[in-house]
Each structure stands twice: as structure tokens, then as C-alpha cells.
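Participant:
There are 4 protein chains.
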Amino acid sequence: MSPFAKETLSKLIKFLEDEVYPAARVAHAQIPADPEARWKTVIPVIADLKEKAKKLGLWNLFLSKAHYPQFGVPLTNLEYGVMAELLGRGGAIASESVNCSAPDTGNMEVLARYASPEQQQKWLVPLLNGDIRSAFSMTERFGAHVVNVHSALELTICVVASSDATNIRTTIRQEGNEIVINGHKWYISGAGDPRCALHLVLGKSDPENKDKYRQQSIVIVPANAPGVKVVRAMSVFGYDDAPEGHCEVIYENVRVPIENLVYGWGKGFEIIQGRLGPGRIHHCMRSVGAAQQALDLMIQRVTNPAKKTFGKFLYEHGTVIADIAKSRAEIDAARLLVYSAALQIDKAKAKGALKEIGIAKFVVPSMACQVIDRAIQAYGAEGVSQDTPLAAMYAGLRTLRIADGPDAVHIQQIGQRELTRADALVKRQEEIRKREKVLAEHYKVKAHM
Amino acid sequence: MSPFAKETLSKLIKFLEDEVYPAARVAHAQIPADPEARWKTVIPVIADLKEKAKKLGLWNLFLSKAHYPQFGVPLTNLEYGVMAELLGRGGAIASESVNCSAPDTGNMEVLARYASPEQQQKWLVPLLNGDIRSAFSMTERFGAHVVNVHSALELTICVVASSDATNIRTTIRQEGNEIVINGHKWYISGAGDPRCALHLVLGKSDPENKDKYRQQSIVIVPANAPGVKVVRAMSVFGYDDAPEGHCEVIYENVRVPIENLVYGWGKGFEIIQGRLGPGRIHHCMRSVGAAQQALDLMIQRVTNPAKKTFGKFLYEHGTVIADIAKSRAEIDAARLLVYSAALQIDKAKAKGALKEIGIAKFVVPSMACQVIDRAIQAYGAEGVSQDTPLAAMYAGLRTLRIADGPDAVHIQQIGQRELTRADALVKRQEEIRKREKVLAEHYKVKAHM
Amino acid sequence: MSPFAKETLSKLIKFLEDEVYPAARVAHAQIPADPEARWKTVIPVIADLKEKAKKLGLWNLFLSKAHYPQFGVPLTNLEYGVMAELLGRGGAIASESVNCSAPDTGNMEVLARYASPEQQQKWLVPLLNGDIRSAFSMTERFGAHVVNVHSALELTICVVASSDATNIRTTIRQEGNEIVINGHKWYISGAGDPRCALHLVLGKSDPENKDKYRQQSIVIVPANAPGVKVVRAMSVFGYDDAPEGHCEVIYENVRVPIENLVYGWGKGFEIIQGRLGPGRIHHCMRSVGAAQQALDLMIQRVTNPAKKTFGKFLYEHGTVIADIAKSRAEIDAARLLVYSAALQIDKAKAKGALKEIGIAKFVVPSMACQVIDRAIQAYGAEGVSQDTPLAAMYAGLRTLRIADGPDAVHIQQIGQRELTRADALVKRQEEIRKREKVLAEHYKVKAHM
Amino acid sequence: MSPFAKETLSKLIKFLEDEVYPAARVAHAQIPADPEARWKTVIPVIADLKEKAKKLGLWNLFLSKAHYPQFGVPLTNLEYGVMAELLGRGGAIASESVNCSAPDTGNMEVLARYASPEQQQKWLVPLLNGDIRSAFSMTERFGAHVVNVHSALELTICVVASSDATNIRTTIRQEGNEIVINGHKWYISGAGDPRCALHLVLGKSDPENKDKYRQQSIVIVPANAPGVKVVRAMSVFGYDDAPEGHCEVIYENVRVPIENLVYGWGKGFEIIQGRLGPGRIHHCMRSVGAAQQALDLMIQRVTNPAKKTFGKFLYEHGTVIADIAKSRAEIDAARLLVYSAALQIDKAKAKGALKEIGIAKFVVPSMACQVIDRAIQAYGAEGVSQDTPLAAMYAGLRTLRIADGPDAVHIQQIGQRELTRADALVKRQEEIRKREKVLAEHYKVKAHM
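Residue numbers (the working numbering), protein chains in the order written: chain A, 1 to 449; chain B, 1001 to 1449; chain C, 2001 to 2449; chain D, 3001 to 3449.
1) Rounded to whole angstroms, what is the Cα-Cα separation between G2245(C) and I3181(D)?
2) Give the straight-line distance between the Cα atoms of R3335(D) and V371(A), rounded to the nearest whole angstrom.
3) Looking at chain B, which residues of the region 3305-3335 of chain D have a Cβ within less than 7 Å of any of its Cβ atoms?
4) Tell me which same chain residues have a C-beta within less than 7 Å of the C-beta of G1192(B), skipping the five on either side of it?
5) Where does P126(A) fall in DSSP's three states?
6) With a threshold of 7 Å between beta-carbons, can L2049(C) be considered close to chain B, or not?
7) Would you list, in chain order, the members of the region 2228-2251 of chain C that have their beta-carbon closer than 8 Å to a beta-carbon of chain D?
8) So, under 8 Å CB-CB, A1378(B) and S1385(B) are touching, yes? Tell me the CB distance rounded to an integer number of Å.
9) Between the C-alpha atoms of K185(A) and L200(A), what's the straight-line distance to the nearest angstrom?
10) Can you give, in chain order, each stretch of the alpha helix (DSSP H) that sits fully within the region 3324-3379 of chain D and has at least 4 residues?
11) Considering Cα atoms alone, identify which of Q3429(D), E3330(D), S3137(D) is closest to A3290(D).
12) Using the beta-carbon of each residue, which ones in chain C are nearer than 8 Å to D3034(D)?
13) What are the residues of the region 3093-3127 of chain D that lie near chain A, defined by any Cβ-Cβ distance shorter than 8 Å?
14) Per DSSP, T2171(C) forms a beta bridge with which residues?
15) Strictly under 7 Å for the Cβ-Cβ distance: is T3420(D) near chain A by that measure?
16) So, does the CB of T3399(D) fall closer than 7 Å to a CB anywhere in chain C?
17) Reducing DSSP to helix, strand and coil, say where Y3251(D) ends up.
18) Rounding to the nearest angstrom, what Cα-Cα distance links I357(A) and H3317(D) in this structure?
19) Does chain A have any CB closer than 7 Å to the CB of S1366(B)?
20) Could you name the residues of the same chain whose beta carbon sits closer than 8 Å to that of Q120(A), not counting the 5 residues immediately before and after it, in chain order?
21) Work out the CA separation of V1026(B) and P1044(B) for me, nearest whole Å.
22) What residues match up with V2256(C) in a beta bridge as DSSP calls it?
23) Determine, for A2440(C), whether the minimum Cβ-Cβ distance to residues of chain A falls below 7 Å.
24) What does Q293(A) touch in chain D if you count any residue whose Cβ is under 7 Å from its own?
25) Please work out which residues of its chain come closer than 7 Å, Cβ to Cβ, to R2398(C), disregarding the five sequence neighbours upstream and downstream, and give them in chain order.
26) Considering only the beta carbon of each residue, do S2327(C) and R2275(C) sit closer than 7 Å?
27) Does any C-beta atom of chain D lie closer than 7 Å to the C-beta of A2152(C)?
28) Identify every run of the alpha helix (DSSP H) within the region 1411-1446 of chain B, keeping only runs that are complete inside it and at least 4 residues long; order them along the chain.
29) So, helix, strand or coil for H1317(B), using DSSP?
30) Pick helix, strand or coil for R3232(D), following the three-state DSSP scheme.
31) Quick check: is the beta carbon of A29(A) nearer than 7 Å to any beta carbon in chain D?
32) How would you call H3442(D), buried or exposed, if buried means at least 16 neighbouring beta carbons within 10 angstroms?
33) When the Cα of F2310(C) is compared with those of H3282(D), V3409(D), K3014(D), which residue comes out closest?
34) Chain A partners of D3296(D), CB-CB under 8 Å?
35) Quick one: does Y187(A) have its CB under 7 Å from some CB of chain B?
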């Protein structure tokens, strides 16, 4: 860790412990129960935390200077990984406090890499300042199997990288100096937020192009443009995640100036592939933190003298100690996998770290679900209630097994990649058999088969 | 199956298919979003279904005549088990439509067995008619480890059957011709319902009694008695389960006439033990149905041509077929365990079926959670949303692993029971060794060790 | 259970307890350590047990009269299932004592159903008498993926039922009044036994036949025919299972009279399909018994005062009680699945019970492996040694997951079968949606989606 | 990695690929089948490999100079970890070729640390030279639960570190200038080897000592001393692991000179604790290699065109790709855990790395068993036979879950260690609640509970 990283980390720890973790339930209490009002709320305590964090220099930590020299912070992805785990212990509020929330993070990466200077001035700068928020509008309502909520990597593999690119139904076409967008999307995270100022919308702009990876474009759509309708919030288990939400959105003859096209016509697929460069394992990093938090809560519960039954601590019953030991081992292993992926991204960019990223993505959220589930069981009915963060954490992590690319996609990718080793293995085996034959003759034995 | 059971079953199937399953989402739509109004709602479509069901004779099917001759229906527990599975496919609305909802079912069992004729007239008859609803008020706020939401069996084992009986803090004392109740409870299912007319409240009436199983009493408390305060609803994952809810309730100097004492002073523990006679595996029966419903939904999704990706059905990808096969096997095994327990209860009452009940209780809800979880994954983001019933089903079943007695309690009980076979096994082993010795001598060999 | 079955069962229990179980280690001690001699041994104690069993009428219990009226015993498959579980507790010796050992059982089924009266006189009668033993010679050395050791059902699905039938390389051709067999097989169970008198050999007799299910024939080959070479025994984990073994066998210009053709030219596939009619779940039945035996051993160990550590019984440590409870539940569920399959075979023959058979086949051996594995862990190093039967049991059961049809084949078959329910489910769902629409209009609500 | 480590590693890789891996089946073929002769064999190819390895400087790599300055090799434990994984791919022969076999490694650590210069000259030097082999004689026959075959760490925790130290029954007493040993041990690895020259025997020398950790002593017993009887070899699954074996040994009035006492009277427990300093995770390191080897074999099998069924590669069936992906992830995670433990041992000695060691010990062997088991299933019947190394690997790794300290001991230790964090967690939680209260008042909200 660099001296800067060390200093930032120790400031971050202090900020989280003193300011952010204590604010979690306050923030929750500031969201109105009223089904309308809750979507119009800017949570005061988070707004205040953002101000403090910015002053402390705890800001945009996710944006690595090595990858984004113009806008980034001098932290490696591994260094941010250590910090992101701590953010993950504090839930959504912690990430937002330091302007490291999805989908803004990925959107900032897109704008930093692909947007024109004018676009950057208008949209990236206020995002970097935390003044506005944003949505990434990709998943089609009534489309093929919905595999993605937040991130983009998997979609590139799963929907766009093949004939399924044809599944994008939203249309983007030029009319004079304007672009007209029509489409019906859903699971658009962040679109419910009153501060959401822009949607990055993926659509078909050239459906006849023979290269199906050049049929799509991405356009910046102001959230308040006429024709943009946020229909409803999709809930996740029972949670609506207001005020951000995961929304169903209709674009009905939405018109934006031609300047809002990002990077050029037919560049949609390329942008999606580039989105989430180093950011691809942010969710995993935070998931390790969430699991650690659940384990810490479990330990507090099972050692709580007020919760004794039959005169014994909860940890003296059943399989509690074994459950804790397994959780400890699973968290430690997952953390090492995430660090290993982060290091590999730092070394070889996301492209050179696909194996490590893929493994982390299917191992870590499942691990976290399991650890949280054990903690829930230790808390009894309280564990599924609003009086602990556990049930909401579970819902979020369970969703991640879909949203950050479904497990099956990563598993398939890693499995296939292993199969490519077959030729080399067979060749090596043949070499060994040749040498074996020589040896067997030398020793006059029959090495079987 | 008796002819009556067969006829009832076929009427029930028709009623569910034609009337109840189609009403599920209608019922949900009739619950207002407003955080106050939703707790004051009697859902119209359910009210209408109850009328229809009563006319069809599909009513109180859970109450077996063999156990409750005065009030019961001529169905064995096994016969009801087959029906309860079908109810389980339809969620809470199905059980309520035929007046087979917890906690009313357990409360009706209590009143049928232990209440005075006057109490039965006043409270049991309208419950049997479905005119009112009820709550069972047992779990202490700030008590020891909360292990129970709905049922009572496990509490008898886990909290009351030992020194933990002392954990009951609610006080019940006589003042003249009145009983005064003070206490703070939570996870009181059904207490939120506008139709809830009575709470069966468990409290300490004789804390100094040397026999700690005679310190408790149960009193009928009208829901509208002064001093009864429903503080808030506990949510389960993000769901509040309005209008019924799982509520926090304070009893502050609540006064009821002496006639409201159930069965006599010091009988609280005995009543709790007797509550849920044959009803002890109702939840398990319904859980099998829920799992079957999830599997059916999964099959529909993975064979849906509109959800193809890369030109392949979802079932052609990854481990989907294996997941379906495992779900099939797990559901079938669980159903057989539940039937086996139901049969044993019919033969030997709940007391003679503790092994079968215990096994069903820790196997079935976990199985259902797993099957539902696979279905969720098959549905992608839609699976965790409000557009399928899967996430809510998962939340309910996950809670059951706590509420119907935590897994660990059942596991411990079954494990301990197995250990009691040790003596007989050792004796048999010794017999075998003796015979072995004779044989070894006869054949002049040394049987090792 | 019929009175005959009840009487037989109680005689069997007595015989097993008094005679067979005590003989297990004696039998083992009677197998010479010498690598040659052990293959020439007829184990004396087993020979004596066979005589006793025959006199008691405990003989050929597997051969159900309902399926084989001429030769069978008046027991249903379910009734035999209960007995087979008890045989399974006693390992190979128990089954052999009552002439119910694979592969003889399947071969007797073949001969009873397909052989000519002359063939039956010559080969079936001595097999039924337990005077000789037999092998079923199917699996090709250097063939495709080896999926089968003992049974035949899966091969019909997996190798023969498709283009893979072409994988059979052994040739069978007529020359004058003789049949000439050339081939190289392995995993031929029982071929090592000195009493093995015949091989039922599957080979290609008509490789050009357009119907690839009529290219194969089965021939009776006397074990001592010139050209039959038992090359070596394949071991299973470190066990050679002498004197029976699982052997590699070469047929080099073996000549048998034309009368040894079974059932006719081109009938090989049909015979394989018919082999193991009711016998298809014999292995599963015995596996339940093996698991029960392992659990019983585990219980004895963990309650043994001589094995206390730190002053505590083993069952007081770690997760032992939970492991025992899970084993109890898993065994009970597996037993119910096996009974359910046996009952279905009794009702609808093996063809009508494919679902139940398939589920039992992939659930039961895995279950037994897991239960045995837990028992091994409870016994520590002794559990993997020759001083308990556990390691050998594990090896046998683990092999069953391959030999009785590999798990994946059964899983695939059950998964596919579930998918066929899709159409009916979709139709039902559509009916429900139609009714829902009517209801929603009636109540003037919008049932979502 | 130091330049020396890098060079050594590349020499080792070449040596293993060119010489050792090809010799595995040759070595096996050189062990006679005869039950007597196999225990008198020095395997020629291994003897030759040892000569070559010594010349290449690939020798005693396990003995880290940092821990044993006088005898060690300048490699850190982490550096050796990378090499040990490669040794693990080659089975027992690979470790033996470079003189890194248990139990010699642990015994060399004992002699290097605790033996007198004379003892070192007589026993350690020839062990370091690979001229003799040795046994570590600890586990009592008829003792408490047998938990240990190879290593010693766990026994110190599990048997000796408590009242169970009293379980040691072997007696060691002085008579004049001699020590007399009487005892009955088993699972003494290496005692069967014709080259085994010494046993390090643990026994009770001062049973009345009040400090029960000073009642034991360790004595060097020449393997050929009168009264040393190797009774039999304990088999592991079906394997006897000749010529080394895991033997039952009786010491009957064995007399050795007083000079053979190691380190002093009453030092037995201290020595056991010190044995396996850095060596505590050697087994884990090799287990990762074994798992990797199994995965490599699986990949070769499922991509083998000769093993296609139904015209498809095996990897196109069922869950094969998912199984491979999971194996990949599990191996990578386990390797990182082992590296992390090795690094921690390098930093803080074994005592400072108990957490990392404990986690590795219960995670790695189970992981390896699982990966090997999947490979077995992919190979079908061949997988359990002698024609692949898989079944023997499984047997070895399964035994490790007992021999290298039973899983339960490590799990318990790690779980207990986590519980010690409770106080700090509670304190932190209280701090957070305090700050929360301030915040809640500031914002005038009620942060619930």
C-alpha cells in the first residue's frame, strides 16, 4: 500500500466508525413511509455526510488514476478493494457518502473514457461532485431472460456478445439534429432518485448492420426530458430501495440533441464492454464486507448473556461454533480471491483478469448469502425483521447473484476456460507416458495399461 | 382416503383452480399502499371466497373429528395433509379462504379442547364461522432468544419446558373479579388484522410456584380492551404481511373479567403443550405445496421460448435440468416424510409421532427454501421482484425455519432420540460378537480385532 | 404385507442376527491373503449359510412370483424391499447366503424370461439352486465412457439406446453350428469366482442392420470355454473384492454351440431392456440398509465411554448430534423413496415406475455415502481401516453411484421428464390468468402485469 | 521469491516432469503382490530418483534455514509451499524422491531442535541423507478416540493438552543405565518400511507428576531392538500403503540405553508441541497439488473424443462444466489460504499463525476430496480402479481429514477463537449506538429500537 493509500484508509476508517455507521438507521428513519413521498426524498444525513467526506478527501475513491489519469484518485484497485470492503459493512449509505455508488461509478467510468469534453463538462463533472445521480438504462422489458440489474460485463457476454444483441428492442434514431428514443426498460437502478439527472440509454440505432456488435448506440437522456416515464419501482424481496429503486421506465418519443450521442454511432457495444473497467469487482469487494458484518453481528448475538436459553449461551448449542468457524474460513477465502482479482486487474486490466473476476463473481455473493443466512438463524425472528440489517443485506446479496451477472454465466465462462487447457494437458501426459515407457523398459516392469 | 375425503378433495381442487388461485393477485391489489390504510382492510375478494367455501363445505378442514368430536370434520390428518399441500400452493389467501389459517387454527384447537362452554360460545363459534380472527400472544419482547412466531410446540420444548419458563415476564394477576395483565410481547401474528377480536395471552400468574410448569396461565383478552396497544408490525424481509402482520403488542393494565381465564390457574403450560395437536405439521404440508408451486413456475420459465438466449432455451444452459431433477426428488422425499408423520399422528397422536414430526420440521422448510431459491435464479431479476410470488414465498419459508421451531431445536431433539438407541445396539453387537467367536472357533480362523 | 411375507421376514431377521451377521468377519478371514489363492476360494462359512438358508426357505427372495410365475417366490417387490434392506446391513455375504446376489439375480431374471427350456434346465436351475454363479459381460474395454458395472438399465439408456449402440465392439458370428465370439470386456462382476460357470455375453451380431437396436445378440458362454481369459481384477478403491471381483476378460475365438444363443438373433438390446425388471432397485434397497448400519455403528462409537476425550462423550463435541439427526432424516426419506418405487413397480412394472426408480437411483447411494462418511469421521483412523466395515462400505456405495447407472444419467432423465409437464402447466396458468382478468374487472382493480 | 528459490523451483519442475511423474506407475509395479514380500521392498526407481535429486540439490527442501539454521535450506515456508504443491501432484513418490516425506520430515524437525549432538550424528544425519527412514510412535491402541495418524499438532491440542494426556498408556521407565519401554500403539506410519531405523516413542515416564504436561517423555527406539513387534499394517480403504504402511506396533520390554532419551525427562509434551514447526501445513500444500492433478485428469477425460457418448463430449453433458468451474474456484481459494498461512508462519512462526493454519487444515483436505470425487465420477468405473490414481488419492485425502487433526478439532478451535472477538465488537457497537443517539437527536428522528 502506498503512503497515500494508507493515510486515506485510516481516514476512511475513522470517518466510517465515527460518522457513517452511526448514521445508518438515522438515514433509514429519514425516508418517509408514505408511498409517494419516499421517492422524493434526498436523505438529509447522507447529504451532510457527502459534504464531510468531500472535505476529508474521501471521495471518488473507486476511480483509479492509473486507469483514468484525468479524473482519477491515486489508488490502485487493490487498495480501493480494502476500502470497498469497509464500505460494504455500512450498506448503501457508506458507498454513497463517499460518492462510490453504483450505477454512478460505472457511468462515471463511461463518461470519463468515452464522452466528449462538452459531455464531460455537463454530466461527468456534477457526477464527480456528487451533485447529481444517474441511471444506466439497458435491460429490456419483455426481452429475453433478464440477467442484469447493475453491471454491464455480463450483458456483454450474455445478451450482446451473440445473436442476442438482437434482443435490444429500444430504438434510437436520428431526426435532423435530434435523436429520438423509444423503448421500454426495467430494473433501471437509480432511476427513482429525485437527484437522478441523466440516463445512459442503450438502444438499436442500426438494426440492419451486418456486424451485430455495431447495431447499438448509447445516448445521454436527461431524466426530465419529455417522454421519460418512470412507471414503477421493482421491489427486491419486499424492499423498494427508495429513493433510488430499480425502476421500470418507458421512453416515448424522447428527443435529445445530437450532441448527446456518446462516442459515436454504433459504439454501444464497445462502450458496454469498456464500462466497468477496474470496477468489475466492486460488488464483490463490498460483499466481503457485508459478510464480515453479518459474522460480527452473529458473534455478538451468540455471546449475549441476555439471550441464554436453558442457562447456556447460544454458542453452546447445536452447530453454532462450527457455523462461525465455517463463516470465518469462507470470508477469508473469498477476500483472498477478491484481492487476487484486484491485483490482477491492476497488473493486466480487466481483460487480463477475466478468470479471477469470474471466480470472484460466482463465489463471493453466494458465500455472503450463506454467512448472512447463518446470522439470521442465530438472531431468530429478529433476524428477518427490520430490527437488524440482516434480512435487507440478504436480499441485496441474493439479488447480486443475478444482477452482477448470474452465477451460471460466470460458472460457464470459467468452466469453458478450463477446458481450453486440455490440449496442453494431453501433450504433457503423452510426454510423461513416453518417459514412463523408457523407465519401464529400463526396470523391466510393466507399468499398467 | 374415505369417500368423504375424496369428494372433499375434488371439490377443493375445483374451488382452488377456479376461484382461489386466480384471486391471489387481485387480493394483493386490494391492499392499499398507504401505510395506515393497509392495516384497516378486510380484503373483499377473500371475504367473498370465504362465503363460497363455507357453502361448498370446504371449511375448517384442519379440525379433525377424530381429535375434536364436537366441532371437527371427518377427515384424518393424512387426508387433510393432501389438501393442505394444495392450500400451500395458493399462499395465505388459500388457507384463509377455507378458514384454515394460523394462528386461528391453533387457537381454535385450544378453545375446542380447553375453553368453557361459555367461552366457546363467545369466541370459538365466531372463529369457526370465520367471522372474527385471533392472535396467540406468547413471545416476550426483551426475552431470551426468540424462537417462535406462529406455533407453540417448540416453545414448549425450548422455552417453557425448562428453567426458561421463568423467562415469561408478562404478569397475570387477579384483582377482585378481574384479571389484570401487564406485558410486552412481539411477533404476535394476526394482531394487526382489523377482524382480530381476541388475543390468547400467556403470562406468569404464580411466579413463586415451585413447579415451574404451573406458574403460567392463559387468558382471553379482547383485542379492543383498554390498554391493548399494537405498537408496530415486525417486517419479514421487506414484507409487512398486512393486514395480518406480526406485531409488537403492549398490554398495559389490561383488565378482563375472571371468566376469561382459560382452563384454570396454572394451566398455561399444559395448554401450550396441547395446542397444535394434529396441527403440528400444517406448515410442513403447506411448504411442500409451496415448493411444488415454485418448481412448476421454474419449469414454465425455462421452457418459455420468449426467454431463449443465444438461441437456446434456458433449460439447455448450465445446470438447469439437474436443478429441476434435484428439486423433484427433494419435493417427493419431503412429501413422503410429511405423509409419514401425518399417518403416525393419526395412529398415535402427536405425542407418539415426535420423531416423524421433528424430522419433517427441519427437513421440509429448508427443502422448500432451496427449491424456491433455484426458481428465483431461473427467473433472474424478475424472481426477486413483485411480479412473481417467489421472493415472498422465500421470505415466508425462510421465516418458518425459525417460527415453526428453529431447525436447531428439531435437529437436537432427533439426534438425542437416536442416541437413546445406543444401549440396544451395544447389546446386539455383543450378541453378534459372541456368536462370531463360536463360528471362528468352529472354522478355526481368527476374526480380527 | 401378506402372512407369508411376514413369516418370511421374521425368519430372515432371526437367520441374519443369529447366523449371518456373526459370520461376516469369519468369511473375510477365510479369504487367503495370497494373491493367487484368494481367487480360487469358495468361502466355507458362506457355503454352509447357503445350505441353512435353503432349508429355511430363505432363498431366491428377489424373484417375485408376480413377475416370474414359474420360478418365483410369492413376495411383492415392496415386501422384498423390506428384506433387502436387512440384507444390505450384512454386506455381500448376506445377499449371497440367500442367493440374492448380483449379477446372478439379473441373470436369473434374463434366463427365466428369455431362455429356452433347455437353457433353463442347464443354467437357470443350478443358478436357482445356488450351485453355480454367473457373470454378465457387457462393458467394452476401450469403449466409450464406461458407465456400468453391475446393472443394465442405464446402459440401455446411455450406451445402447442411441447411436452409441454402435460402441459395442465384441463380435458374435455364426460359423456352421457354432457361434464364435471375439471381444475385450472389463468390469465383469463375478467373473473371478471359481464357481462362475457362465457368462452372458453381449456382442454385435449384425452390425449392418439398419435398426441399430437389432444389431446385438446375447450368448451363453461357459466360463471354462477355450479362449475365455480372465486377465485381471479391477480394484475398487483398494479392494479387489475377491473371490468375485470385477474382471477384465478377453474372448478370443471362443466357440459355443448355436443352442447357446439367447432368445434369438438381434434380441440383445431387447433382453438388456428386460433384464432387471423388478430388480432395478435392489441396490437401492440394500443401500438404505448399509446407511442404517453405518448410523448404528456411529451411535455406538459416540456413546462409548472408553472413547471419551476431555471427559466428554464424542457426541458432546462439535456437530456430532446434528450429523446423527441429519443421517436419521436422510435415511428415512431415502427409505420412503425406495418403498414408493417398489410399490410403483408392483403396480405398474418397471416401465411404469421410471420416475420413482430414477429418483431413488440418484438419491439413495449418495445419501448412503454421506451417512457412511460421517460414521467414518466419528471412528477416526479406525473408520478408514479394516477394523470397521465402514471404508469398504463406502467404496462399494461410491462405486454404485457409477455402476448402477451414473448419477448424471438418472438426474438428466428425471429433469427431462419434468420438463414434459411444461405444456400442461402453461395451459393451467393461462386458465388462471383468464379467471383473474374477470375477477380484476369485477373488483375494479389492476392485478399487475 | 528469492533467486535461489526461483532456481530451485525451476529445477524441481524439470525434475518432476522428466523423472518423477513418469516413474509413478513404474514404482507401483515394483512393489510385489506377495503379502510378505511387499513389506521387504526398497523400490528401485525411488532409490535412483533420490540419488538424482540429491545431486541436483533438490533435497530436504522442507527444512527452512530460517527455522533450523544448522541443517536447513534457504527457502521460506511460502517458497516451499509452492514446491510442495508440485510434489503433491506426484503422490508419495515425489515427496520421497526429494526426502520430504512424512513422518521423516517431522522427526527431522524434532531431532534438529531437541536432540543431543550425539543423537543428531547417529540418527538425524542419516535421515537427512535419506539413508534411513523413521516412525513417530504416538497413538495408543485401545486408547481414547484415535485422532491422529501422521502429524502431532492436533494431538497436542486434542489428547495431550488436557486431562487426556493421561490417556497415554505406554510406559517408559529407567532401569540402571537403560530405559525400558512397554506399550501397544497403532497407526504408526512408516513402521513397516524395511529402511525404518528408528521410532520416536512417546510414553508416560512420570505418571504421578502433578503437572500432567510433564508426565511424558520421548525416547529413540531402534526399529530392530528386541521386543519391537510390528503386528500388522492398518489399511486405509483397501490400501496397505506398503512398504511404509500404518502399523500396529507392540513394545514389549524394549530396552534402550539412557542416551536415547530425547531432550530430558518429562519433555515429551513440549517436544510434541514443537514438532511440526513450519511443517504444519505441508499436507495442505500437497493436497492443493493433488486436487489440481485430479482436475487436470478430469479435463483430459471430458475432452477425450474417444469417450464421447451420443455424439457429444462428456463435458457437454449434465453439470460437468459447472463441476469443473467450481473445482477451479475451490482450488484457487484453497491455494490462497495455504499461501496465506505459509506467509504468516514465515512472519510469526507456527504459534502466530494458528488461525491461518487451522482454517487451511479443515478447508483444504475436504476441498481436495470433493474435487477428486468429481474427477472419479467423470472417469466412471475407471475412476475407482487402479488404472487411474484417483481412488488412491481420495483414500489418502479422506484420511487426512482425520490424520492431520480431525476437521472437528480445527473447526472448534477457529470458532472459539472468533468468539473471543465478542467483547471488542460489543464495545464498538456501543460506541456506534452512542453516536447514533446524538445524530438521531440532531435530526429529530427516532432510529428504531
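Yeah, the Cβ is synthetic: ideal placement off N, Cα and C, and Gly gets one too.
Facilitator: Well, looking at it:
1) 44 Å
2) 21 Å
3) G3318, T3319, A3322
4) W1039, V1230, A1233, A1242, P1243, E1244, G1245, C1247
5) helix
6) no
7) M2234, S2235, V2236, F2237, G2238, Y2239, D2240, H2246
8) The Cβ separation is near 14 Å, so there is no contact.
9) 12 Å
10) 3354-3379
11) E3330(D)
12) D2034, P2035
13) none
14) N2182(C), K2204(C)
15) no
16) yes
17) strand
18) 26 Å
19) no
20) L111, A112
21) 9 Å
22) I2179(C)
23) no
24) By Cβ distance, chain D contributes nothing, its closest Cβ being about 10 Å from Q293(A), past 7 Å.
25) C2369
26) no
27) Note that A2152(C) scores a pLDDT of 34, beneath 50, so its modelled location is shaky; the value from the coordinates is reported in the next line. Taking Cβ atoms only, chain D never reaches closer than 7 Å to A2152(C), which makes this a no.
28) 1422-1443
29) coil
30) strand
31) yes
32) exposed
33) V3409(D)
34) R421, L425
35) yes
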